[in-house]
Amino acid sequence: MKIHEYQAKDVLRRAGVVVPRGLVAETPEEAAAAFDELGQELAVPSEVWVKAQIHAGGRGKGTIQEIPEQHGVQLVRSRDEAARVAARILGNTLLTIQTGPQGQTVRRVLVEEGCEIARELYLGIVVDRGCAGPVLMASSEGGMDIERVAAETPELIFRESFGADAGLQGYQVRKLAGKLGLSGPSVRAADKSMRALCRAFVQYDCSLVEINPLVVTKAGRLAALDAKMTFDENALFRHPELSELRDLSEEQPVEIRVAEAGLSYVKLDGNIGCLVNGAGLAMSTMDLIKLHGGEPANFLDVGGGADTEQVTEGFRALLSDNNVRAVLVNIFGGIMRCSTIAEAILTAYQSVGFHVPLVVRLEGTEVEKGREILATSGVDIVAADDLTDAAQKVVAAAG
Amino acid sequence: MSILVDKNTRVICQGITGKAGRFHTRHCIEYGTQVVGGVTPGKGGATVLGVPVFDTVSEAVEHTGADTTMVFVPPPFAADAILEAADAGVRLIVAITEGIPVLDMVRAYEVVRRSDSVLIGPNCPGIITPGECKIGIMPGYIHRRGSIGVISRSGTLTYEAVWQLTNLGLGQSTCLGLGGDPIVGSSFIDLLKRFHDDGETEGVLFIGEIGGTAEEEAAAYVQEYFSKPVAAFVAGRTAPPGKRMGHAGAIISGGQGTAAEKIAALKSAGIEVAESPAEMGDAMRRAIDRSTGI
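As structure tokens, this is what we get:
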């Protein structure tokens, strides 16, 4: 689950990470008022930033579709300018390299005090499979695309793995501070922020925490200029406070409904919808379609069950994509009988109202009975004999 | 011989009184697995499917002589169940549960790897030695006893592969699901080592997917140490980066973990790679023929 920059900063601030002062605004008037309030004690006189809040990155370079000269992040020097910039951003569509061509509507901006930047660093934490635990990554190359740094100059990324309960140790902070070229008061500041970040990662069951850039100010202080937090979906049940931070307007309605039904759905760009039981088999089905010259429209895993409700919800999700020209159902019924699965498919088919060709490949217990049920249903479902046959048929049906 | 489980394995089910635990324990018993008890805290003294239920794993082990457990405990309590089993000295823990918080597994794995227990999973279909012992949720009928070891990160895709092998007359010695989570108890290499030492296993088919570097590491191990024929398939060639594809561990991130990289590593280790999921069994056949000089 993702959250906005302003929410991540709020969580991290309470955890002990130093973040610049900022206020959220949903209207130009609120932006102006925020400027006034921050203006009381600005770190850098008259320097305030207005930052669009969406779940995607690349907002600084991104542009407002309706007013292309307007970027997603802008420096302002007066309350009027704050209001003017907020008006150009709020309610409009921000296009960044991460939003996709349709962009994302901006509903809030963060009005934040500027700081005197001496250096920009990078801090990130993920659970690393190799170490089987959380790892803090730090780099002197902050403010840049970290994946490029990882590709071009990996030696500039320093890693320290830490225990989930023990946390980051003092000697590890000193090690990193040395490698990052920090000295004096910055080292103490680094100790506070790095350890707080690692604690927050564990406390909130994160899958990713990223501060890019972590700014070293001219006075030697550290501040998180941008913050990103993603949470482990499997752990949300024990974080009701985080579930409240969810912004459904940033998620596709299809993905929301499908997740509630317990299915996994990822939209792709092709025109052949697929519905499969099992993630590995679902990925393979996408691969199979591609191998036979087709383009998958999605990944959809109905899970181990494949009962009527799930198949119905799955079909709805697939068909809500206007690009879909044909659908392939590929189900390997293990303990679940193929006859039961066939009934589920028929019921779902009828309740959803199919308007594109449907190819079904079933395998598993009572497969003959399942195929017979589909064949004698009176409904126009194409039965496939095996995987290759299924792929060829659905690619042909998609035209 | 097979690996890890056979007709002598004595199994308990943690979570036996739950819907999934009960359903699958019944199927395992019907297959012929020696299920000797179950564990659900608070339900000790009950009898389910003809076997006694205990409050704790150590009581279950003491009274039944069980050496293996299958964990069907819900996600919020599953890591705890795994830790309890390791603490009780159960030598093989098969964790079926999907949805365990990643950091819970980080903590549990830290303990289990230092114990004498072997952990398979979590988020896996289980382990089966055809004709002798089935521990998990896989359909028994698709398997046939033979000499191919199967190791997979998937569930239903594994069944697909096994079914292809069976239909080609290539029976299986033991089939295992490693699990779809980012942190799992055993790796491809752990199991390859066991298959290496198993006299009955003559070849191995392994099934990987995007995310992590397990397949690359396995390829390096095979190249260096494994002389029996190996075939493989990697799912997710068409998966886009940055998106979780169902399994918590199936995600391409930071440019790492792509199917293309894995396939390249496998091929350069001399492993026969199936181009399509429809020909995983054929790839195994080719690997065997190549090694016997056909």
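These protein sequence lines map, in sequence, to chains R and D. Position one of the first sequence corresponds to residue 34 (my numbering), numbered consecutively onward. Position one of the second sequence corresponds to residue -8 (my numbering), numbered consecutively onward. Note that CB positions come from ideal geometry on N, CA and C, so glycine has one too.
Below 9 Å on C-beta distance, what does residue i contact in chain D?
i, result
"R/D265", "P92, V93, L94, A239"
"R/K323", "R228, T229"
"R/P329", "T229"
With a threshold of 8 Å between beta-carbons, can residue i be considered close to chain D, or not?
i, result
"R/D178", "no"
"R/S173", "no"
"R/D334", "yes"
"R/R162", "yes"
"R/S240", "yes"
"R/V344", "no"
"R/T398", "yes"
"R/D320", "yes"
"R/I87", "no"
"R/I368", "yes"
Against residue i, what residues of chain R qualify as contacts under a CB-to-CB distance less than 9 Å, listed in chain order?
i, result
"D/S145", "G311, A312, G313, L314, M316, S317"
"D/L148", "G311, A312, G313, L314, A315, M316, S317, F365"
"D/Y100", "A165, G166"
"D/I174", "V160, R162, A165, G166"
Counting contacts by CB-CB distance shorter than 8 Å, is residue i in contact with chain R?
i, result
"D/E53", "no"
"D/K234", "yes"
"D/Y22", "no"
"D/G33", "no"
"D/M275", "no"
"D/P113", "no"
"D/H18", "yes"
"D/G171", "yes"
"D/E266", "yes"
"D/E252", "no"
For residue i versus residue j, is the C-beta spacing smaller than 8 Å?
i, j, result
"D/T59", "D/G28", "no"
"R/T398", "D/Y22", "no"
"D/V26", "D/T16", "yes"
"D/T165", "D/V(-4)", "yes"
"D/D46", "D/R82", "no"
"R/T341", "R/A381", "yes"
"D/V175", "D/P232", "no"
"D/P173", "D/G240", "yes"
"D/F204", "D/Q163", "Note that residue 204 of chain D corresponds to Thr in the displayed sequence, not to Phe. Result no, Cβ atoms of D/T204 and D/Q163 do not sit closer than 8 Å."
"D/I262", "D/A223", "yes"
"R/L56", "R/V144", "yes"
"D/V195", "D/I254", "no"
"R/A115", "R/A65", "yes"
"D/A76", "D/I87", "no"
"R/L395", "R/V415", "no"
"R/L255", "D/E266", "no"
"R/L247", "R/Y155", "yes"
How would you call residue i, buried or exposed, if buried means at least 16 neighbouring beta carbons within 10 angstroms?
i, result
"D/M236", "buried"
"D/L159", "exposed"
"R/V509", "Shown here, chain R extends from 34 to 432; a query on residue 509 of chain R therefore has no answer."
"R/L258", "buried"
"R/V77", "exposed"
"D/T283", "exposed"
"R/S172", "buried"
"R/L230", "buried"
"D/S218", "exposed"
"D/I190", "Checking the sequence, you will find Gly at residue 190 of chain D rather than Ile. Classification for D/G190: exposed."
"R/I100", "exposed"
Kindly list, in the order they appear in chain D, the residues whose Cβ is closer than 8 Å to that of residue i.
i, result
"R/D419", "A269"
"R/F270", "P66, P67"
"R/G337", "I128, G146, T147"
"R/V235", "L94"
Mind pulling the chain R residues with CB within less than 8 Å of residue i?
i, result
"D/K231", "Note that residue 231 of chain D is Pro in the sequence shown, not Lys. Within chain R, the residues near D/P231 are V299, L301."
"D/V97", "V160, A165, G166, P167, A197"
"D/G203", "R162"
"D/Y132", "T398"
Report yes if the C-beta of residue i is less than 7 Å from at least one heavy atom of the ligand ZN; otherwise report no.
i, result
"D/A99", "Within the structure as shown, the ligand ZN is missing, as the structure has no ligands at all."
Could you name the residues of chain R that residue i contacts, counting a contact when the two beta carbons are closer than 7 Å?
i, result
"D/E200", "G313, M316"
"D/E151", "L314, F365"
inquiry  = Using 8 Å as the cut-off, can you tell me whether the region 226 to 234 of chain R makes contact with the region 37 to 57 of chain R, which would need three or more C-beta pairs spanning the two stretches below that distance?
reply    = yes
ask   = So does the region 287 to 305 of chain R actually touch the region 122 to 141 of chain D, counting three or more Cβ pairs closer than 8 Å?
value = no
key: the region 126 to 135 of chain R contacting the region 85 to 92 of chain R, beta-carbon criterion three pairs below 8 Å   = yes
message = I want to know whether the region 4 to 12 of chain D touches the region 65 to 72 of chain D - three or more CB-CB distances under 8 Å.
response = yes
inquiry  = I want to know whether the region 294 to 311 of chain R touches the region 356 to 365 of chain R - three or more CB-CB distances under 8 Å.
reply    = yes
At least three beta-carbon pairs within less than 8 Å, the region 113 to 127 of chain R to the region 198 to 212 of chain R = no
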